[in-house]
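In this note's numbering, the protein residues as written are 6 to 330. Written below as structure tokens is the structure these notes are about.
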Ligand code: PMV
């Protein structure tokens, strides 16, 4: 068996987070500047079922059998094995390298699931098609992230801008004109499941208020889709600002994200909002080519621990990768 590698990008939600958990649409795009790469290698002298895991970023060097039974990697390996209807896995080693920050709204968990599912299934001689890779990753998301909408595993599996409504086939967005965003990390770790759970409690206590906010967010996402598809991308800026106001009203912003949003706008961004679950993690700003570097610098001066400048490309340029070593 030859060594196999696979990778998966990060992602960012442009519009519609939280509302998407309640069947409203959301728009997400892959972020190729950060990614997970997985290499699966045979252990010729190993015993059947022996799986060595090496994930230097999180200091994990272990046999899979030594990890707790509820560890995500244990569940993931078992899920791939059962998808492929195999009685056991051969001896193998799994090397995982990620540049996606954890608990920061950039999809690190889903990217690990997608990259491992691709690499492992191909290594085992039955590469799973995207649809099933996406399903496996969603199963893992459901186990560890409460009530996820499924947007993370979908955008990361397909590696393309998507318009997503929970429980329905997603639409690939056709991006008419590329646009540039600065992504800035507040440095605050935020667990998606906790924030989503908290919003659910508030929604249960006052459904009318939350349904109204979700509807307003849905209206913005809908308009954003039209703008992205017709190429008048500057008009996305005001929509991002409106979406941010609504996320603030939902209670998922925080002073650090508010400060980064204000800094981006004060320095010439066309619009800015938090991205993902909120209460930490990343924010995004729509910028022009000429202002991108200066805005990224101003965000760092305002406390961002990391910035990424990314271009959302026209559909024809978007690629997804899965390749042998
Ligand atoms: O923090 P992230 O990027 O995993 O964002 C989750 C987005 C939510 O809408 C808050 C939850 C979901 O499952 O869609």
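Note that the Cβ used here is the ideal one computed from N, Cα and C, for glycine as well. Predicted, not measured: the structure shown is a model, and the values here were computed from it.
{"Query": "For residue 20: DSSP bridge partner residues", "Result": "32"}
{"Query": "Cβ pair residue 84, residue 150 closer than 8 angstroms", "Result": "no"}
{"Query": "First through last residue of the beta strand (DSSP E) which encompasses residue 186", "Result": "184 to 190"}
{"Query": "Residue 175 to residue 167 span [Cα, whole Å]", "Result": "7 angstroms"}
{"Query": "Three-state class that DSSP yields for residue 287 in the structure shown", "Result": "strand"}
{"Query": "C-alpha gap between residue 187 and residue 280, whole angstroms", "Result": "11 angstroms"}
{"Query": "Nonlocal neighbours in the same chain, by C-beta distance under 7 angstroms from residue 42, ignoring five residues either side", "Result": "10, 12, 102 and 120"}
{"Query": "Any non-hydrogen atom of ligand 1 closer than 7 angstroms to residue 203 Cβ", "Result": "no"}
{"Query": "Selected residue, minimal CA-CA separation from residue 163, among 239, 71 and 134", "Result": "134"}
{"Query": "C-alpha distance - residue 160 paired with residue 202, whole-angstrom precision", "Result": "22 angstroms"}
{"Query": "Cα-Cα separation, residue 50 to residue 98", "Result": "12 angstroms"}
{"Query": "Residue 33 and residue 24 closer than 8 angstroms at C-beta", "Result": "no"}
{"Query": "Residue 118: first and last residue of the uninterrupted alpha helix (DSSP H) it sits in", "Result": "113 to 128"}
{"Query": "Residue 154 beta carbon near ligand 1 (any heavy atom closer than 7 angstroms)", "Result": "yes"}
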